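There are 2 protein chains.
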Amino acid sequence: MRPREFEPEDVLDRGMRVLWARGYEATSLEELLEAMDLSKSSFYETFGSKHDFMLAALERYINVVLGQLGKDLHKGSAREAIFRTFDCMIPTRDAPANGCFMQNCTIELAQHDPEAREKVRQGLKRLEEGYSRAVLRGQESGEIAGKRDARALAQYLVSSLNGIVVLSRAGFERKKLLKIAEVTLDALK
Amino acid sequence: MRPREFEPEDVLDRGMRVLWARGYEATSLEELLEAMDLSKSSFYETFGSKHDFMLAALERYINVVLGQLGKDLHKGSAREAIFRTFDCMIPTRDAPANGCFMQNCTIELAQHDPEAREKVRQGLKRLEEGYSRAVLRGQESGEIAGKRDARALAQYLVSSLNGIVVLSRAGFERKKLLKIAEVTLDALK
DNA sequence: CCAGTTCTGGACTGGTTAGTCCATAACTCA
DNA sequence: TGAGTTATGGACTAACCAGTCCAGAACTGG
């Protein structure tokens, strides 16, 4: 058996970044293949179709990027950890504003693509659970007001993060976005 | 001179709704023409190109939809007025979740389309100014804590609104979104 | 009713799209 | 080394894309 000349995860990552930056519909297969350095045959053999590739990329994004975000939520003080999740989605001079791939998929696809919608919902649920645990941790330590529903606060945080990410795509400056994150976090106590 | 057989604003509205629901890239000219009940010639004669049409639709959305939002911000108590702007972007059973056309354009186009980005920035600025005035009004009446920067709070509200709209596109229930709006508003005082 | 103007439907184009298919190169294992 | 298997490159297709163009219909003003 002849071995593959590429790493599936590697090409998936590279293709994901293109969809992330340019959007699903706006990205042609040709652009995708060039970025992935892959032949058409290998692409279809490995991923099935452009649509299936997008779903695979979305799943990987949720597992890798949001998975990391979830892990980071357990380190240090709860408030600081939550702030860090906001901070890392806010672009810096070196890392330009790509926003959040899952959010892009939500806007572009979730409404008329049931499979994409389902993945997005799973991703949001996972994000919410991460925040929920962090909020509970903060309530135990007294950093966050204990009388409020942790679930509601977690959903508020998911929503707020999405808002900031939208504005980052619109070109808002880092400083303004950090200020918004501060106001958002202030609401917890 | 033979008169037009359509109202430019009317067909603009109808076409906008299609772009709003399905996205710019995903909508073919054919779909657009069918929804607008217009011939290709009339479309190109009136709007120039698909891209120019999108810009016109975006401008109209900002003027009409966001303009109305801005007006509503001046009625009644400041907090209630702000809450109403959130409420009216949250889908009901009768009005399904189309989100915000300007947000869709932000995600899909702002990054690589300078003209769309410019319009989006103008729209966001206008929204921010509306909220800023409402916040100042609320601070004068004591509904909103007076010590905080009205501009920062206004940007926080713009961001929060966008977050809620993203989640509405993901299919979040009205009840949950209203709860998030409440938590958001609580942060003002 | 007619001249002049403008709107409209539809044919047409050149380019691009996602996706298929196959001959052949490349590799493994015995 | 050679048989067997799999990956690969690239030609190919049919559909669709935005956009152009023009002949003729439809209307106005005189």
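Protein sequences appear in the order of chains A and B.
The first sequence lines up with residues 22 to 210 when you count with this note's numbering.
The second sequence lines up with residues 22 to 210 when you count with this note's numbering.
Glycine included, each C-beta is placed from N, C-alpha and C at the ideal position.
Just so you know, these numbers come straight off a predicted model, no measurement behind them.
Hey, quick one: how far does the alpha helix (DSSP H) through residue i stretch, first residue to last?
{"i": "His95 of chain B", "result": "Premise fails: His95 of chain B is in no alpha helix (DSSP H) and is neither H nor E."}
{"i": "Phe107 of chain B", "result": "99 to 108"}
{"i": "Ile201 of chain A", "result": "195 to 207"}
Please work out which residues of its chain come closer than 7 Å, Cβ to Cβ, to residue i, disregarding the five sequence neighbours upstream and downstream, and give them in chain order.
{"i": "Leu76 of chain A", "result": "Glu136, Ala137, Lys140"}
{"i": "Pro29 of chain A", "result": "Thr67"}
{"i": "Arg172 of chain B", "result": "Ser153"}
{"i": "Val179 of chain A", "result": "Leu145, Leu148, Glu149, Tyr152"}
{"i": "Gly167 of chain B", "result": "Gln160"}
{"i": "Ile185 of chain A", "result": "Phe107, Met110, Ile111, Leu198, Ile201, Ala202"}
{"i": "Leu33 of chain A", "result": "Ala77, Ala78, Arg81"}
Whose C-alpha, out of the options, is nearest the C-alpha of residue i?
{"i": "Val39 of chain B", "options": "B:Ser181, B:Phe122, B:Asp115, B:Gly91", "result": "B:Phe122"}
{"i": "Ala99 of chain B", "options": "B:Leu59, B:Glu80, B:Arg154", "result": "B:Arg154"}
{"i": "Tyr170 of chain B", "options": "A:Lys200, A:His95, A:Arg43", "result": "Reading off the sequence shown, one finds Asp at residue 170 of chain B, where the question assumed Tyr. For the residues A:Lys200, A:His95, A:Arg43, the minimum Cα distance to Asp170 of chain B belongs to A:Lys200."}
{"i": "Leu94 of chain B", "options": "B:Asp207, B:Lys210, B:Glu149", "result": "B:Glu149"}
{"i": "Pro112 of chain B", "options": "B:Leu198, B:Leu53, B:Arg25", "result": "B:Leu198"}
{"i": "Ala191 of chain A", "options": "B:Ser189, B:Glu46, B:Lys196, B:Asn183", "result": "B:Asn183"}
{"i": "Glu194 of chain A", "options": "A:Arg35, A:Ser62, A:Pro117, A:Leu206", "result": "A:Pro117"}
{"i": "Arg81 of chain A", "options": "A:Glu164, A:Asp31, A:Val187, A:Leu206", "result": "A:Asp31"}
{"i": "Glu26 of chain A", "options": "A:Gly69, A:Glu46, A:Phe64", "result": "A:Phe64"}
{"i": "Leu90 of chain A", "options": "A:Ala78, A:Leu79, A:Ile103", "result": "A:Ile103"}
{"i": "Gly97 of chain B", "options": "B:Val156, B:His133, B:Lys210", "result": "B:Val156"}
{"i": "Thr127 of chain B", "options": "B:Leu33, B:Tyr45, B:Lys210", "result": "B:Tyr45"}
{"i": "Ser181 of chain A", "options": "A:Asp134, A:Asp115, A:Val204, A:Lys210", "result": "A:Val204"}
{"i": "His72 of chain B", "options": "B:Val85, B:Asp134, B:Glu164", "result": "B:Asp134"}
{"i": "Lys196 of chain A", "options": "A:Leu174, A:Ala175, A:Arg114", "result": "A:Arg114"}
Can you list, in chain order, the residues of its chain whose CB lies under 8 Å from that of residue i, leaving out five sequence neighbours each side?
{"i": "Ile83 of chain B", "result": "Met123, Lys140, Gln143, Gly144, Arg147"}
{"i": "Ala208 of chain B", "result": "Tyr177"}
{"i": "Ala56 of chain B", "result": "Arg35, Gly36, Arg38, Val39"}
{"i": "Ser189 of chain B", "result": "Met110, Ile111, Pro112, Ala118, Gly120, Leu198"}
{"i": "Val187 of chain B", "result": "Gly120, Gln124"}
Can you list, in chain order, the residues of its chain with a C-beta nearer than 6 Å to that of residue i? Leave out the 5 residues immediately preceding and following it.
{"i": "Thr48 of chain A", "result": "Val39, Leu40"}
{"i": "Asn119 of chain A", "result": "Trp41, Ala42"}
{"i": "Arg158 of chain B", "result": "Ala99"}
{"i": "Leu79 of chain B", "result": "Cys126, Lys140"}
| field | Segments of 4+ residues assigned as alpha helix (DSSP H) that fall wholly inside the segment 114 to 173 of chain B | value | The segment 114 to 173 of chain B is shown to contain whole alpha helix (DSSP H) runs of 4 or more residues at 122 to 129, 135 to 162, in chain order.
| query | Could you give the uninterrupted runs of the beta strand (DSSP E) lying entirely in the segment 41 to 87 of chain A, keeping only those of 3 residues or more? | reply | Within the segment 41 to 87 of chain A, no complete beta strand (DSSP E) run reaches 3 residues.
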